[in-house]
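Plus 197 on top of the position in the sequence shown (first one is 1) and you've got my numbering.
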Amino acid sequence: MQRLRSEVMEIDLFKVLRNNLGEDNLNALVREKIVPVPGDISIDNLGLKDTDLIQRMWREIDIIINIAATTNFDERYDIGLGINTFGALNVLNFAKKCVKGQLLLHVSTAYVSGEQPGLLLEKPFKMGETLSGDRELDINIEHELMKQKLKELQDCSDEEISQTMKDFGMARAKLHGWPNTYVFTKAMGEMLMGKYRENLPLVIIRPTMITSTIAEPFPGWIEGLKTLDSVIVAYGKGRLKCFLADSNSVFDLIPADMVVNAMVAAATAHSGDTGIQAIYHVGSSCKNPVTFGQLHDFTARYFAKRPLIGRNGSPIIVVKGTILSTMAQFSLYMTLRYKLPLQILRLINIVYPWSHGDNYSDLSRKIKLAMRLVELYQPYLLFKGIFDDLNTERLRMKRKENIKELDGSFEFDPKSIDWDNYITNTHIPGLITHVLKQ
């Protein structure tokens, strides 16, 4: 309960409830409504040891919502499989034992589609399906390969094990057509849930890039830096002179509260809907697309008017920067701008080893990190797909029919978003307040 209070209830997200109810009433409500249970979804029975507690949960739980995941693009393969793939199966198996079970709602990601262009449909994966098209995926074999690789590394250092398992996960993902370990392991998790769900109602929510809240509980709340946010912050700090992106590519963004509202609507619509497996894309590219070029303009205009303050106390003056639309162009830029000077520095360091050794090592490390990050983000910066949301549109229509009295509540229609206003007056200020703490 102490961890729930310090890590969840005391963060800014709950300030509206705290102000409306008062501290004592909020604490009483939490004690009445929430029972925190420590566990681990990568283990059978969610890692629970208390037999009485397990039996009670199986008797009383009717709806399970699974948002547990590791979202690191290049996660260690053993960890990604444990949480995103077999962890999802463990949650499903636990849910099937709940005698009152009405629904399992699982949050995945729209980017399980890989790097496919065109209109991407809301359809489930078939067991063993791959995106490469020329081979079959056997999840059990993937599990055995992972264990075998770990066994080979048993005499290595922790750092060597970690890096090798990250590289192994990326290699397995790309072999089967996915760009990274994260979306590959999430896709396999969906496959296992679809195959073994039996009659348990299963809803899979596939959000796109989640951004700060647009309305509830207040505009602009966000925690941590996501894909777009890393670019915005680097730009605002004057560190982004050139970046990889296609100005015409759609950047599929969706505010966090709209994702939550879609989850609530889907759970309401399908609770007790025996045998159903429903897939919902929750994004904006189909109904209200915004391009990277537009986002670039919004961001440049914001920081031109309201610059961040540097460590020296002066405003950081930013330049709009150069957008390069292919990896080849970006690699050439990096070679001319950084790698050639780095090679010159390396030669100087060979001749005069006492003079520039630290500078060479530091610059080399930064260039390698920058290239690795660009390679990880490339599939999303140059993404050519549009996420169909026909199922989600039907869900929106059903919500409007059933709860007309809640005008404006539980909104998840991206057509209501004014992207210029949202990015400049809500999202970037939210990033600065809640992430940068300025």
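All residues carry an ideal CB built from backbone N, CA and C; glycine is no exception.
Proximal residues to residue i (C-beta, below 6 Å), its chain only, five neighbours per side dropped
i      : result
Leu245 : Gly236 and Ile251
Gly490 : Ser444
Lys294 : Trp255
Phe291 : Leu243
Ser522 : Asp443
Arg215 : Leu223
Asn263 : Val288 and His303
Ala497 : Lys517
Leu334 : Gly325, Thr327 and His373
Asn396 : Thr471 and Gly472
Cut-off 8 Å between Cβ atoms - residues of its own chain near residue i, not counting five sequence neighbours on either side
i      : result
Ala183 : Beyond the ends of the chain as shown, which are 198 and 635, falls residue 183; an answer cannot be given.
Asn287 : Ile238, Ser239, Ile240, Asp241, Asn242 and Leu243
Thr488 : Ser444, Asn445, Ser446, Val447 and Phe448
Leu350 : Glu357, Ile358, Thr361 and Met362
Val213 : Pro414 and Phe415
Lys595 : Ala462 and Ala466
Ile208 : Glu420
Lys297 : Arg256, Glu257, Ile258 and Asp259
Gln299 : Asp259, Ile260, Pro398, Ser468 and Gly469
Thr630 : Gly417
Bridge-paired residues (DSSP) for residue i
i      : result
Leu223 : Answer is none; Leu223 lacks a bridge partner.
Leu300 : Ile260
Ile583 : Leu316
Ile520 : Phe440
Pro512 : Ile506
Thr488 : Val447
Chain-order list of residues whose beta-carbon lies under 7 Å from that of residue i (same chain, five-residue window excluded)
i      : result
Ile280 : Ile238, Ser239, Ala265, Ala266 and Thr267
Tyr535 : Ile564
Pro452 : Thr408, Ser409, Thr410 and Ile411
Trp375 : Gly311, Leu328, Phe381 and Ala384
Trp551 : Confidence is the limiting factor: at Trp551 the pLDDT is only 49, short of 50, which leaves the residue's position unreliable, though a coordinate-based value still follows. So the list is empty, once near-sequence residues are dropped.
Leu524 : Inspection of the sequence shows that residue 524 is occupied by Met rather than by Leu. Around Met524: Leu441 and Gln575.
Asn485 : Pro611, Lys612 and Ile614
Asp617 : Phe495
Thr424 : Met406, Tyr574 and Tyr577
Met343 : Tyr274, Asp275 and Leu278
Thr637 : Coverage of the chain is limited to positions 198 through 635, which leaves residue 637 absent and any answer about it impossible.
Val205 : none
Cys483 : Ile583, Phe584, Asp585 and Asp586
Ile520 : Phe440, Ala442, Ser444 and His493
Asn269 : Tyr379
Nearest-angstrom Cβ-Cβ length linking residue i and residue j, presumed shorter than 8 Å
i      : j      : result
Met460 : Glu608 : Not really, about 13 Å apart at Cβ, beyond 8 Å.
His303 : Leu399 : 7 Å
Ile260 : Ser468 : 6 Å
Gly518 : Thr378 : No, Gly518 and Thr378 are not in contact; Cβ-Cβ is about 30 Å, not under 8 Å.
Val571 : Gly421 : Contact doesn't hold; Cβ gap of about 20 Å is too wide.
Ile645 : Pro314 : Nothing can be reported for residue 645, as the shown portion of the chain is limited to 198 through 635.
Leu587 : Glu319 : 7 Å
Asp364 : Leu573 : Asp364 to Leu573, Cβ: 12 Å. No contact.
Val428 : Leu628 : Not quite, the Cβ-Cβ distance comes to about 11 Å (not below 8 Å), so this is no contact.
Arg569 : Gln474 : 37 Å between Cβ atoms; not a contact.
Leu218 : Leu210 : About 14 Å separates the two Cβ atoms, so there is no contact after all.
Ser305 : Ile401 : 5 Å
Near the ligand SAH: residue i beta-carbon under 8 Å from a heavy atom
i      : result
Val227 : In the structure shown, the ligand SAH is absent, as is every other ligand, since no ligand is present at all.
Exercise. Does the stretch 426-444 come close enough to the stretch 497-516 that 3 or more CB-CB pairs lie under 8 Å?
Worked result: yes
Exercise. Pairing CB atoms from the stretch 271-288 with CB atoms from the stretch 373-392, are three or more of them under 8 Å?
Worked result: yes
Problem set entry | Three-pair Cβ contact test at 8 Å for the stretch 615-633 versus the stretch 413-422 | yes
For this session: Entirely within the stretch 402-486 and at least 4 residues each: give me those alpha helix (DSSP H) ranges in chain order.
Result: 424-433 and 453-467
Exercise. Is there contact between the stretch 350-368 and the stretch 578-594, where contact requires at least three CB pairs shorter than 8 Å?
Worked result: no
Problem set entry | Length-filtered (3 minimum) beta strand (DSSP E) runs lying within the stretch 377-404 | 399-404
For this session: Only counting runs of 4 or more residues, tell me where the alpha helix (DSSP H) segments fall wholly within the stretch 602-629, in order along the chain.
Result: 616-619
Problem set entry | Whole runs of the beta strand (DSSP E) within the stretch 233-290, excluding any shorter than 3 residues | 260-263
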